[in-house]
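To start, the structure under review is shown below, and the notes come after it.
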Ligand code: NAP
């Protein structure tokens, strides 16, 4: 069974996830950090694209001692399984996602990934090979489901999210909108890549909830199934 997928991003008031040179920006505040940590702690796995690994080097660990203890009390590892979508196997072996905190890591690569890089990654992570040149996201989610992952959180970036939306794999989206303007037509947004042309291909959302948080707003969307 494929996991349910919840996307979480923080964007500026003008819809940007970072600067045009892909430099990480603090968009939200402590209340939202705590919410994201709680959301992560409630999931079995958390996923990012290789673009985010190379730009931000996130560890994707659960930060709150309380949530970590809660996970352990319920027989789960301290941190969710951490997953990178990385066609070429470019994840640096010393990346925080592979080295910080205990737990299972998964790197999903394509058949064209460099074999030498893949064999190094196999010493640090479970490697899933799916897709000829680009990672086949449907196959990866099926494999994650077979590993027992029921709830998957996606932390970006915009290219990966667009791929997941295109494949019809996203169930829910949280967008935190913060009180800054980053600007720049080339700065990353929620759904990058080529976009969609036909209106019939646009993802349609239902607004499930709205909350004021820190100095911004949190929107919770569910994705309509067509
Ligand atoms: P990304 O979405 O993290 O990763 C995209 C890469 O994933 C692709 O370029 C591709 O690289 C790989 N990929 C493999 N198979 C794919 C598929 N089927 N569909 C889509 N992607 C696939 O990278 P990004 O768009 O450059 O985003 C990174 C930026 O987002 C950074 O600036 C980061 O700071 C920002 N970010 C912001 C937030 C936020 O909440 N504000 C969260 C996360 C990231 P290969 O061809 O090499 O495989």
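Numbering (our numbering), first residue to last: -7 to 218.
Every residue, glycine too, gets a C-beta built ideally from N, C-alpha and C.
Just so it is clear, the structure is predicted and the values come from calculations on it, not from any experiment.
What residue does the beta strand (DSSP E) around residue i start on, and which one ends it?
{"i": "residue 167", "result": "164 to 169"}
{"i": "residue 77", "result": "73 to 77"}
{"i": "residue 203", "result": "197 to 205"}
{"i": "residue 97", "result": "97 to 101"}
{"i": "residue 132", "result": "Run containing residue 132: none in the beta strand (DSSP E); it sits in the alpha helix (DSSP H), 129 to 138."}
{"i": "residue 144", "result": "143 to 146"}
With C-beta atoms as the reference, is residue i less than 8 Å away from residue j?
{"i": "residue 37", "j": "residue 72", "result": "yes"}
{"i": "residue 130", "j": "residue 113", "result": "no"}
{"i": "residue 133", "j": "residue 146", "result": "no"}
{"i": "residue 126", "j": "residue 79", "result": "yes"}
{"i": "residue -5", "j": "residue 141", "result": "yes"}
{"i": "residue 173", "j": "residue 6", "result": "yes"}
{"i": "residue 95", "j": "residue 74", "result": "yes"}
{"i": "residue 17", "j": "residue 152", "result": "no"}
{"i": "residue 208", "j": "residue 171", "result": "yes"}
{"i": "residue 190", "j": "residue 216", "result": "no"}
{"i": "residue 35", "j": "residue 136", "result": "no"}
{"i": "residue 97", "j": "residue 89", "result": "yes"}
{"i": "residue 243", "j": "residue 10", "result": "The requested residue 243 is not part of the displayed model; the chain covers only -7 to 218."}
What residue range is occupied by the uninterrupted alpha helix (DSSP H) comprising residue i?
{"i": "residue -4", "result": "No alpha helix (DSSP H) holds residue -4; the beta strand (DSSP E) holding it covers -4 to 3."}
{"i": "residue 45", "result": "42 to 48"}
{"i": "residue 208", "result": "Run containing residue 208: none in the alpha helix (DSSP H); it sits in the beta strand (DSSP E), 208 to 215."}
{"i": "residue 115", "result": "Neither: residue 115 is in no alpha helix (DSSP H) and is coded neither H nor E."}
{"i": "residue 29", "result": "22 to 33"}
{"i": "residue 64", "result": "57 to 65"}
{"i": "residue 14", "result": "Unbroken run through residue 14: none, as it is neither H nor E."}
Taking 7 Å as the cut-off, is the beta-carbon of residue i closer than that to any non-hydrogen atom of the ligand NAP?
{"i": "residue 21", "result": "no"}
{"i": "residue 106", "result": "no"}
{"i": "residue 14", "result": "yes"}
{"i": "residue 175", "result": "no"}
{"i": "residue 51", "result": "no"}
{"i": "residue 195", "result": "no"}
{"i": "residue 70", "result": "no"}
{"i": "residue 3", "result": "yes"}
{"i": "residue 97", "result": "no"}
{"i": "residue 44", "result": "yes"}
{"i": "residue -3", "result": "no"}
{"i": "residue 127", "result": "yes"}
{"i": "residue 171", "result": "no"}
{"i": "residue 82", "result": "yes"}
{"i": "residue 148", "result": "yes"}
{"i": "residue 79", "result": "yes"}
At a cut of 8 Å, does the stretch 21 to 34 reach the stretch 43 to 55 through at least three beta carbon pairs? yes
Using 8 Å as the cut-off, can you tell me whether the stretch -1 to 7 makes contact with the stretch 159 to 166, which would need three or more C-beta pairs spanning the two stretches below that distance? yes
Report yes or no: do the stretch 177 to 190 and the stretch 205 to 215 share at least 3 C-beta pairs separated by less than 8 Å? no
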